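Residue numbering for the sequence shown follows this note's numbering, beginning at 38 and increasing consecutively. Below: one structure, written as structure tokens.
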Amino acid sequence: MSTITTVTSTAARRPGPFGPGVLERGRTFDAKWLVIGLCVAFTVYIGVIPLAFLLWQSFRTPQTAAADAVWTLANYVQAYATGDTWRLFGTSVQFASGTALFAFLIGTTLAWMNERTNTPFKGIFFAL
38 MSTITTVTST AARRPGPFGP GVLERGRTFD AKWLVIGLCV AFTVYIGVIP LAFLLWQSFR
98 TPQTAAADAV WTLANYVQAY ATGDTWRLFG TSVQFASGTA LFAFLIGTTL AWMNERTNTP
158 FKGIFFAL
């Protein structure tokens, strides 16, 4: 009687560089990339598409029954040519500067207390 032997390569039996569950042609399917891709697609759908539509419509006049929409910069001229816009911009800069200064002072104080003193509950300060 003859004996039939099968030859199995050692490469097929050994785990690859990516672990024991590696497919022959490369990497295994990893569900985290599917989840990340779905999250990115959802974010684009709820954020980028409406933003692009808003930007596109900002360069057009409203369409009415009597007139078609046309491309124009008049919307931007109307919005930024008034003095009220610049007054509101100045107020926003003042608010942002004050908020940044306040956050810097509180953060610096908490960091100093956490590193240089014997304050109890240092873990809470570290988390803040």
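The beta-carbon is built from N, C-alpha and C at its ideal position, and this holds for glycine as well. Predicted model, so just to flag it, every value in this text is computed and none were measured.
Assuming contact is defined by CB atoms lying nearer than 7 Å, are residue i and residue j in contact in what I supplied?
{"i": "Ala106", "j": "Gln115", "result": "no"}
Would you check whether the ligand GDP has a heavy atom nearer than 6 Å to the C-beta of residue i?
{"i": "Ala164", "result": "In the structure shown, the ligand GDP is absent, as is every other ligand, since no ligand is present at all."}
Per the DSSP calculation, residue i is bridged to which residue(s)?
{"i": "Arg97", "result": "Trp108"}
Less than 8 Å between the CB atoms is what I'm expecting for residue i and residue j, so what's the real figure, rounded?
{"i": "Leu147", "j": "Phe162", "result": "5 Å"}
{"i": "Val98", "j": "Thr109", "result": "The question names Val, yet the displayed sequence has Thr at residue 98. Their Cβ separation, rounded to whole angstroms, is 6 Å, which keeps Thr98 and Thr109 in contact under 8 Å."}
{"i": "Ser134", "j": "Asn112", "result": "With 8 Å as the limit, Ser134 and Asn112 do not qualify as a contact, their Cβ atoms being about 29 Å apart."}
For residue i, count the other beta carbons within 10 Å of its own beta carbon; 16 or more makes it buried, fewer makes it exposed. Which is it?
{"i": "Ala48", "result": "Unreliable positioning characterises Ala48 in this predicted model, as indicated by a pLDDT of 48, which lies under 50. The coordinate reading is nonetheless provided below. Ala48 comes out exposed."}
Any C-beta of chain B sitting closer than 7 Å to the C-beta of residue i?
{"i": "Leu125", "result": "Absent here is chain B; the protein component of the structure consists of one chain."}
Inset, instruction - Pick out the complete beta strand (DSSP E) segments inside the segment 114 to 152, 3 residues or longer, and give them in chain order. - result: none
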